[in-house]
Amino acid sequence: MVPITDYVLKVASRCNLACDYCYVYTMADQSWRSRPVLIAPETALTAARRIAEHAAEHRQPVTTVVLHGGEPLLAGVGLLDEIASILRRELGGVTGLDLRIQTNGVLLDESFRDLFARHDMRVGVSLDGGQAQHDLHRFLPNGQGSHAAVVRAIRLLDRANYAGLLCVVDVDSDPVQTYEALLALDPPIVDFLLPHGNWSAPPPRRAAGDPRTPYADWLIAVFDRWYGVRSQETNVRLFQEIINLVLGGRSRTEQVGASPVAYLVIDTDGSYQQDDSLKSARAGEPETGLTVFGHPVDEVLRHPAVAARQQGIGALAGECQRCPLVRVCGGGDYPHRFREDTGFGNPSVYCPDLQRLIRHIAARVRADVLAGAGR
28 MVPITDYVLK VASRCNLACD YCYVYTMADQ SWRSRPVLIA PETALTAARR
78 IAEHAAEHRQ PVTTVVLHGG EPLLAGVGLL DEIASILRRE LGGVTGLDLR
128 IQTNGVLLDE SFRDLFARHD MRVGVSLDGG QAQHDLHRFL PNGQGSHAAV
178 VRAIRLLDRA NYAGLLCVVD VDSDPVQTYE ALLALDPPIV DFLLPHGNWS
228 APPPRRAAGD PRTPYADWLI AVFDRWYGVR SQETNVRLFQ EIINLVLGGR
278 SRTEQVGASP VAYLVIDTDG SYQQDDSLKS ARAGEPETGL TVFGHPVDEV
328 LRHPAVAARQ QGIGALAGEC QRCPLVRVCG GGDYPHRFRE DTGFGNPSVY
378 CPDLQRLIRH IAARVRADVL AGAGR
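Sequential numbering from 28 applies to the sequence shown in this note's numbering.
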């Protein structure tokens, strides 16, 4: 049983954007409709005490809490200030608190910036590239693009609170132009995410049995642009995790690797949930039936679905376990393995892309290692 070290605390269940690929609002699970619009301070307090209880039980030096949504800034400065204060107070003296927030940035202004500074809160912002690419998918309910507001928000952030950018891959966009548009905003790190999809609801241009690898092609173009000058530009989490795994390290992300799951979602009603992106598979999939009001975090770890996701390679499909890349790939992101008739006992719907990307990165790293040994 691996203790939980990272929490996603939902502070708002609604959003001010209407992104066309959003797994919360446009895919299988629609439970957001019955959740409280905002988390109550009493729920946040109970959640904080459960987090502190778990950290004390397992003597954790640091615990990460990410305030999330929906769009968390819809909670407003006052409520976010109260929640951050609760977390600092309840976890203080028990564990170090790495407090973060993930936002679309549209509402971010000076008052939020001051809040982030006051609570030493690191801010991740979602941005899908330049204006044309971003506004194609991330827009207001009236259809108006959000790019200009997001860029303004990023430029408003203090450097000390700027955690980085999250970008969903669109294979119809130019990969290098997308990366350079992100790079222009000087992010400490860039997270490239594959669009959520599965065998029963495939992502764009990823049909079952299709040998083509459009997502690998896109990511390889960015990798080759990044790899030679990475130390001068920015960190790219996906590439660095694959390099780390190729060199024998462990994964710190769900996208690749087979490290046991060590994070948990707490929704606005206080319910414990598994990976929020499981909402892309089928309705109710993330639910555990447990809440902060009646159950310690350790009880969540005994939930069959959570326990299964802590088994690493042993829980993967047979063909994944036999694959020579399994220690690096780890079966891919868990929601991407889903198929209606067989559940999650399948390779990732992105399997061909992951194989090609990993082999490409491994070849580049191997060549560098051999060249270094020769010198």
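Ideal Cβ placement from N, Cα and C applies to all residues, glycine included.
ask   = To the nearest angstrom, how far is it from the Cα of Val288 to the Cα of Asp325?
value = 14 Å
query = With 16 other CB atoms within 10 Å as the buried threshold, where does Gly123 fall?
reply = Gly123 counts as exposed, since fewer than 16 other C-beta atoms from the protein chains shown sit within 10 angstroms of its C-beta.
inquiry  = Excluding the 5 residues flanking Leu135 on each side, which residues of the same chain have their C-beta closer than 6 Å to its C-beta?
reply    = Ala180
Residues near Ile216 in its chain [Cβ-Cβ closer than 8 Å; skip 5 each side] = Ala190, Gly191, Leu192, Thr261, Asn262, Val263 and Arg264
Whole-angstrom distance between Pro313 and Tyr361, CA atom to CA atom = In this structure, the straight-line span from the alpha carbon of Tyr361 to that of Pro313 is close to 12 Å.
key: Reference Lys37; option with closest CA among Thr53, Arg182 and Ala67   = Ala67
key: Val196 beta carbon less than 8 Å from that of Trp253   = no
query = Which ranges would you report for the beta strand (DSSP E) in the region 314-348 if only whole runs of at least 3 residues count?
reply = 314-318
request  = Kindly indicate which three-state DSSP category His223 falls into: helix, strand or coil?
outcome  = It is coil, neither helix nor strand.
inquiry  = By the DSSP assignment, the alpha helix (DSSP H) with Leu36 in it spans what residues?
reply    = Here Leu36 belongs to no alpha helix (DSSP H); instead the beta strand (DSSP E) covers Asp33 to Lys37.
ask   = Buried or exposed: which applies to Pro351, given that a residue is buried once 16 or more other Cβ atoms fall within 10 Å of its Cβ?
value = exposed
message = Our contact map puts His387 next to Ser375 with C-beta atoms below 8 Å; I'd like the distance itself, whole angstroms only.
response = Not really, about 17 Å apart at Cβ, beyond 8 Å.
ask   = If you follow the alpha helix (DSSP H) that Ser307 is part of, which residue opens it and which one closes it?
value = Note, Ser307: premise wrong, no alpha helix (DSSP H); not H, not E.
key: Nearest candidate by alpha-carbon position, reference Leu221, set Gly275, Pro323, Ala235 and Asp155   = Asp155
ask   = If you run the structure through DSSP and keep just helix, strand and coil, what is Val263?
value = strand
ask   = Between the region 194-210 and the region 335-354, do at least 3 Cβ pairs fall closer than 8 Å?
value = no
task = Check whether the Cβ atoms of Leu101 and Asn43 sit closer than 8 Å, and answer yes or no.
result = yes
request  = Put Val403 into one of helix, strand or coil per three-state DSSP.
outcome  = For the chain, the structure presents residues 28 to 402; residue 403 sits outside this window and is missing.
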